[in-house]
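The sequence shown begins at 7 in my numbering and counts up by one. Virtual Cβ for every residue (Gly too), placed ideally from N, Cα, C. Remarks on the structure that follows.
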Amino acid sequence: MNLLKALAAVSSLTLVSRILAFVRDVLIARIFGAGMVNDAYIIATRLPNLLRRLFAEGAFSQAFVPIFGEYNKRRGHDETKLLVDHVTTMLALVLFVVTLTGIVAAPLIVYFTAPGFSKDVEKFNLTVQMLRITSPYIFFISLVSVAAGMLNTYNKFWVPAFAPILLNVCLIGGALWLAPLFDQPIIGLAWAWLIAGFVQLAFQIPFLKKIGLLPSIRLNLKDEGMWRVIKQMGPAVFGVSIGQVSLIINTIFASLLMVGSVSWLYYADRLMEFPSGLLGAALGSILLPSLSKHYADNSATEYSKLLDWGLRLVFMLTLPAALALGVIAVPLLATFFQHGAFVANDVLMTRNALVGYSIGLIGLIAVKVLAPGFYARQDIRTPVKIGIATLLATQLMNLLFVFGMHLQHAGLALAIGLGACFNSLILFYFLRKRGIYRPEPGWGKFFAKLCIALFALALTLWFGMGSEQHWLTSHGWTRIIHLSWLVALGVVVYFAVLYALGFRLRDFSKRGAS
7 MNLLKALAAV
17 SSLTLVSRIL
27 AFVRDVLIAR
37 IFGAGMVNDA
47 YIIATRLPNL
57 LRRLFAEGAF
67 SQAFVPIFGE
77 YNKRRGHDET
87 KLLVDHVTTM
97 LALVLFVVTL
107 TGIVAAPLIV
117 YFTAPGFSKD
127 VEKFNLTVQM
137 LRITSPYIFF
147 ISLVSVAAGM
157 LNTYNKFWVP
167 AFAPILLNVC
177 LIGGALWLAP
187 LFDQPIIGLA
197 WAWLIAGFVQ
207 LAFQIPFLKK
217 IGLLPSIRLN
227 LKDEGMWRVI
237 KQMGPAVFGV
247 SIGQVSLIIN
257 TIFASLLMVG
267 SVSWLYYADR
277 LMEFPSGLLG
287 AALGSILLPS
297 LSKHYADNSA
307 TEYSKLLDWG
317 LRLVFMLTLP
327 AALALGVIAV
337 PLLATFFQHG
347 AFVANDVLMT
357 RNALVGYSIG
367 LIGLIAVKVL
377 APGFYARQDI
387 RTPVKIGIAT
397 LLATQLMNLL
407 FVFGMHLQHA
417 GLALAIGLGA
427 CFNSLILFYF
437 LRKRGIYRPE
447 PGWGKFFAKL
457 CIALFALALT
467 LWFGMGSEQH
477 WLTSHGWTRI
487 IHLSWLVALG
497 VVVYFAVLYA
507 LGFRLRDFSK
517 RGAS
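Next comes the structure, spelled out in structure tokens:
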């Protein structure tokens, strides 16, 4: 399996998903506005989304995939199938309890997560009703995560990458066609979440059957492999939750600053999600299974070479993205967001946050390569400890930048960016110290050539964009056309310079572990 082709496929599907998510958000905003019903919808989907991030997206893969890969390589298909059956059955039982709790305790959950809603009986009851509808989504999406881990290990990367597209299609369909069928239309959108969970799981079932790993209902409480997965889940969930805690703390900081700070950070983060999702999430999903197989094979050399390949791709693709986000921040923000109530001053304030974020983009995406270097070895505790140190360092930088240097919301973004770099540097240090990663020759020449291409890109973008005032005062289509050719020109110049300096696509081709 060519990992570069797999990365391209996963990134392409992720791009489609992100575009559909943007269309979904615009559609929901247009149909339901920003009033009472949309507030209720956001709160009703917050718990499933939070548990999805903590439980399904990341934590379970970190705990399950390395052990699954070990069984698949060393113990044969029959024992691997037993592990899948036992883990899936245990997980389904736990998820059933969690889902039932979400349905029964919905009033209490809404009361504690949105206490202000209790003052408005209609809003409170609507939120409770929708939370009861969306709670089973947790059940489905967590099982989808199990399927994704198995399919990725069998190099079926495109199948899990396609699943989020189904979610967005279902939500768009729910907003357009299901919502009008209800007296309270927003209820239709809640049902669309439940339908999406079922559709995502059903979509992956034929592919699981094809590789002979469609789970059966079977439980053995003495299964050593199952308990190993459960034991790894604790620190994995804790590690993923660190990011959520950091987000909450940063929101608290932002709420103490000038009006608009939360929104400026939000819109800057939306732009950051594109490169981090297209490259970071895609790299993480394809690297972990191959690294796990190399570890199971005791192939230390191939393990290190795969990490090296991932890091070179990160630098080659992330540095130009970070540079572009910093240099043409105003053109990007004005084109995408300067409409209606989002005025020129909002663009400039969001630009300050985006520049701060862009400094940390390389660290944010490098973590997606470096952390699996530990996860694949079934070492979750080291990244968790480093994550805690990163959280503390980020909050200290928040205090320094926001209140000491008075950088306001831009200080929060800068702290997050530098915190991501701190995280990746410490991960890199321990990978090197423990002899897990040994850099391949040629990094010096590699960086020198990158710097030349980045300089050419910076000149192209700087002179091509013109004055910031032009972007703040021009009309929609003028911005779109200008930004389109500017980005296209930047991409052509960057890769043309790399090609002239000797970079070839075949040099980055990499076969995954079989």
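Residue i CB to nearest heavy atom of the ligand NAD below 8 Å
i	result
G240	The ligand NAD is not part of this structure, which contains no ligands at all.
Contact under 9 Å by Cβ, residue i with residue j
i	j	result
Y500	P378	no
M239	F380	no
T396	G366	no
A464	V503	no
Q401	I255	yes
L433	V373	yes
G369	S430	yes
L97	L149	yes
Q344	L478	yes
F168	F209	yes
V110	A50	no
A181	P166	no
Y47	I192	yes
I334	L214	no
S298	A382	yes
I178	V29	yes
K129	M42	yes
L207	I144	no
L271	L418	yes
L294	V320	no
F102	V152	no
K455	F514	no
G122	L53	no
I392	S282	no
V361	L331	yes
A225	D314	What sits at residue 225 in the sequence shown is Leu, not Ala. No.
Three-state secondary structure assigned by DSSP to residue i
i	result
Y47	helix
S480	coil
A506	helix
F559	No statement about residue 559 is possible, as the shown extent of the chain runs from 7 to 520 and does not include it.
K228	coil
V265	coil
I334	coil
G600	Outside the displayed span of the chain (7 to 520) sits residue 600, for which this structure offers no information.
A377	coil
- [ ] Run through the region 167-223 for me and flag every whole beta strand (DSSP E) of 3 or more residues, listed as ranges in chain order.
- [x] none
Task: Ranges of the alpha helix (DSSP H) found wholly within the region 136-172, counting only runs of at least 4 - done: As far as the region 136-172 is concerned, its whole alpha helix (DSSP H) runs of at least 4 residues are 142-159.
Task: Length at least 4, wholly inside the region 270-328: the alpha helix (DSSP H) runs in chain order - done: 288-302
Open item on the list: Does the contact criterion of 3 or more C-beta pairs under 8 Å hold for the region 218-236 versus the region 80-94?
Closed with: yes
Task: Inter-stretch contact at 8 Å, needing at least 3 Cβ pairs: the region 70-79 / the region 190-198 - done: no
Open item on the list: Is it the case that the region 213-220 contacts the region 156-165, given that we only count it when at least three CB pairs across the two stretches are under 8 Å?
Closed with: yes
Open item on the list: Ignoring anything shorter than 3 residues, give me the beta strand (DSSP E) runs that lie fully in the region 412-481, in order along the chain.
Closed with: If we require 3 residues or more, the region 412-481 turns out to have no beta strand (DSSP E) run fully inside it.
Open item on the list: So, does the region 337-346 touch the region 310-326, judging by three or more C-beta pairs under 8 Å?
Closed with: no
TODO: Can you check the region 380-408 for any beta strand (DSSP E) of at least 3 residues that lies completely inside it and give the ranges in chain order?
DONE: none
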